[in-house]
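Right, one structure below, let's go through it.
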Amino acid sequence: MQAVRIHRFGGPEVMTIEEIDRPTPAANEVVIKVFAASVNPVDAKIREGKYPVVTETDLPYVLGRDVCGEIAAAGSDVTSFLIGDEVYAFLSPEHGGYEEFVLARPDEVAAKPQSLDAIGAAAVPLAGVTAWQGLFDHGGLEAGQRVLIHGGAGGVGHFAIQLAKAKGAWVATTVSSSDKDFVSNLGADQVIDYKTEKFEDVVAPVDLVFDLIGGETQERSFGVVKPGGALISTLQEPDKAQAKKRNIQAARYTAQPNGDQLREIAWLIDQGKIRVAVASTFALRQAAEAQLALQERHIRGKVVLKVAEQQTRAIVDDDTRRLRAYQIWEDEGRPQGQDLAHWYRAGHTGATDEHPDYRRYRPGAAPTGSLVIKFYHSGDQVRGYVRKVADTDADDTIFPGEEMEPEAAFMLAASHKADSREPVFVELVEGVEWNSAWGRLG
Ligand SMILES: NC(=O)c1ccc[n+]([C@@H]2O[C@H](COP(=O)([O-])OP(=O)(O)OC[C@H]3O[C@@H](n4cnc5c(N)ncnc54)[C@H](OP(=O)(O)O)[C@@H]3O)[C@@H](O)[C@H]2O)c1
Numbered sequence: 022m023q024a025v026r027i028h029r030f031g032g033p034e035v036m037t038i039e040e041i042d043r044p045t046p047a048a049n050e051v052v053i054k055v056f057a058a059s060v061n062p063v064d065a066k067i068r069e070g071k072y073p074v075v076t077e078t079d080l081p082y083v084l085g086r087d088v089c090g091e092i093a094a095a096g097s098d099v100t101s102f103l104i105g106d107e108v109y110a111f112l113s114p115e116h117g118g119y120e121e122f123v124l125a126r127p128d129e130v131a132a133k134p135q136s137l138d139a140i141g142a143a144a145v146p147l148a149g150v151t152a153w154q155g156l157f158d159h160g161g162l163e164a165g166q167r168v169l170i171h172g173g174a175g176g177v178g179h180f181a182i183q184l185a186k187a188k189g190a191w192v193a194t195t196v197s198s199s200d201k202d203f204v205s206n207l208g209a210d211q212v213i214d215y216k217t218e219k220f221e222d223v224v225a226p227v228d229l230v231f232d233l234i235g236g237e238t239q240e241r242s243f244g245v246v247k248p249g250g251a252l253i254s255t256l257q258e259p260d261k262a263q264a265k266k267r268n269i270q271a272a273r274y275t276a277q278p279n280g281d282q283l284r285e286i287a288w289l290i291d292q293g294k295i296r297v298a299v300a301s302t303f304a305l306r307q308a309a310e311a312q313l314a315l316q317e318r319h320i321r322g323k324v325v326l327k328v329a330e331q332q333t334r335a336i337v338d339d340d341t342r343r344l345r346a347y348q349i350w351e352d353e354g355r356p357q358g359q360d361l362a363h364w365y366r367a368g369h370t371g372a373t374d375e376h377p378d379y380r381r382y383r384p385g386a387a388p389t390g391s392l393v394i395k396f397y398h399s400g401d402q403v404r405g406y407v408r409k410v411a412d413t414d415a416d417d418t419i420f421p422g423e424e425m426e427p428e429a430a431f432m433l434a435a436s437h438k439a440d441s442r443e444p445v446f447v448e449l450v451e452g453v454e455w456n457s458a459w460g461r462l463g
């Protein structure tokens, strides 16, 4: 597979695109097939050797900290994702995103926002989680409070404005004049041109300054924070003596991967509360150019690398979604092998009195992404496993799961169902009778 790596620290010229081995997951890891990866300022800092977490001993090193893609493989302990799940992730520093397949820990990963394509979704994880943690975990921002966000038109800033507004806060932000309309449209209540105005002259005291700029912008910010308020920075440690004198909580933090927060952000995006601005897109082989663009050009929002084509997914209508479980008729005779499409052609809809907990499968193909819980006889016991329809035509069914108790198979399917709009099918083969005690899909 292709990856963009560095073998030494330096300028963009140290980045090379290389053929390396595809990773295999440990028991508690997943492999994501990457559709798109975003470019963040930290990528250039790592490349230059200015990010203390990545040192000479980590070379050669794959750059990139966040991606959107689909689960391509999962370790034996992973229960939260199935192969084929479309996800996005903010990766820990040991895993780079500028590559075709990347390892991740399940707790760094979440289902991607359904309303975004892969490019839009890849733009979110690092910047979105940084904004979330700065405003809420470190800044303690609450509804009704006032926040000043420095650098509101950048990757982190444009998410911060919208997250603060979604929380019910009042938002002021500093930007270049050409970005004023952009941030007003994102919901900013007061917009200050940092090149022509002094924010400390025009902003009334705030509960929180979220500093994405540092330097003298940070120093001047102490004067606009209310006593008891906070100054939180992604860049430099604020002056503790000043903070104490003014009774302000002041801190610098490093954002940490967090799948739960990604889930919350995905929900806000799908609710239409957060829009994602992608300023420009580059191919993976143009990663150096993309980093230069972020460093040197005026960028509004995010820069993203397109790594591979995203698979198109079947759209499931609401009626199909309401039918939670199905039986696959075996009238046609079950063919040898894994010809799922053939199985699905048989049968028709309608729950029966004897089997109120499930419906028969309606004619037509099972949509891509559907889960199938298959129950069958193994010796004198009934066993089940869960798999997923990856490609209906090719019958590309996937799940590395083992045989398990029927109840366990139901629980596994139910937990995956919670993140998915796709229907779940129950397949009873070789004379297995339905037992409602196995579970229900809620
Ligand atoms: N600690 C962490 O975990 C963490 C996480 C993420 C990001 N960061 C850091 O946080 C910073 C922001 O990240 P990002 O991804 O949002 O960067 P970005 O996308 O490059 O955005 C930076 C924005 O700041 C604006 N800007 C520059 N000087 C300004 C000033 N004096 N006042 C107001 N706005 C100004 C830029 O606009 P113009 O082009 O108009 O100047 C640009 O819109 C970066 O330095 C990054 O390294 C740290």
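Quick note: the sequence shown, position 174, residue 195 per my numbering, numbers continuous.
Glycine included, each C-beta is placed from N, C-alpha and C at the ideal position.
Per DSSP, cross-strand counterpart(s) of residue 227: 246
For residue 122, the three-state DSSP class (helix, strand or coil): strand
Near ligand 1: residue 159 beta-carbon under 7 Å from a heavy atom: no
Near ligand 1: residue 61 beta-carbon under 7 Å from a heavy atom: yes
Rounded Cβ spacing between residue 171 and residue 232 (contact assumed at less than 8 Å): 5 Å
Residues of its chain near residue 325, where Cβ-Cβ distance is below 6 Å and the 5 sequence neighbours each way are ignored: 57, 59, 140, 143, 144, 299 and 302
Residue of 34, 197, 152 and 189 minimising C-alpha distance to residue 176: 152
Residue ranges of each alpha helix (DSSP H) within the stretch 98-168, 4 or longer: 139-143 and 146-153
Cα-Cα separation, residue 207 to residue 182: 7 Å
The stretch 227-243 touching the stretch 254-267, judged by at least three CB pairs closer than 8 Å: yes
At least three beta-carbon pairs within less than 8 Å, the stretch 311-320 to the stretch 120-139: no
Identity of the residues DSSP links to residue 252 by a beta bridge: 230 and 271
Whole-angstrom C-beta distance between residue 261 and residue 271, which should lie under 8 Å: 7 Å
Residue 54, buried or exposed, once every other Cβ within 10 Å from all chains shown has been counted against 16: buried
Strand pairing of residue 90, partner residues [DSSP]: 55 and 108
Span separating the alpha-carbon of residue 22 from that of residue 201: 42 Å
One or two residues paired with residue 214 in a DSSP bridge: 196
Continuous beta strand (DSSP E) stretch holding residue 26: start and end: 23-27
Neighbour-count burial assignment, residue 223, 16 or more Cβ in a 10 Å radius: exposed
heavy atom of ligand 1 below 7 Å from residue 67 C-beta: no
Straight-line Cα distance separating residue 447 from residue 364: Confidence at residue 364 is low in this model, with a pLDDT of 40, below 50, so its placement is unreliable and the value that follows should be read with caution. The straight-line gap from Cα to Cα measures roughly 12 Å.
For residue 299, the residue or residues it bridges with in DSSP: 323
Spatial neighbours of residue 268 in its chain, beta-carbon cut-off 8 Å, leaving aside the 5 residues before and after: 248 and 249
Under the three-state DSSP convention, the category residue 285 falls into: helix
Proximity winner among 117, 184 and 263, relative to residue 204 (alpha-carbon distances): 184
Cβ distance (whole Å) where residue 405 is taken to contact residue 430 below 8 Å: 3 Å
Any non-hydrogen atom of ligand 1 closer than 7 Å to residue 274 Cβ: yes
Residues sharing a beta bridge with residue 304, DSSP: 327
Closer than 7 Å: residue 28 CB and nearest ligand 1 heavy atom: no
Collapsed DSSP secondary structure at residue 398 in the structure displayed: strand
Residue 406: CB within 7 Å of a non-hydrogen atom of ligand 1: no
Boundaries (first-last residue) of the alpha helix (DSSP H) holding residue 67: 62-68
Rounded straight-line distance, which links the Cα of residue 147 to that of residue 289: 16 Å
Backbone secondary structure at residue 516 - three-state DSSP: Only positions 22 to 463 of the chain appear in this structure, which leaves residue 516 out of reach.
Classification of residue 402 by the beta-carbon crowding that lies within 10 angstroms, buried from 16 upward: exposed
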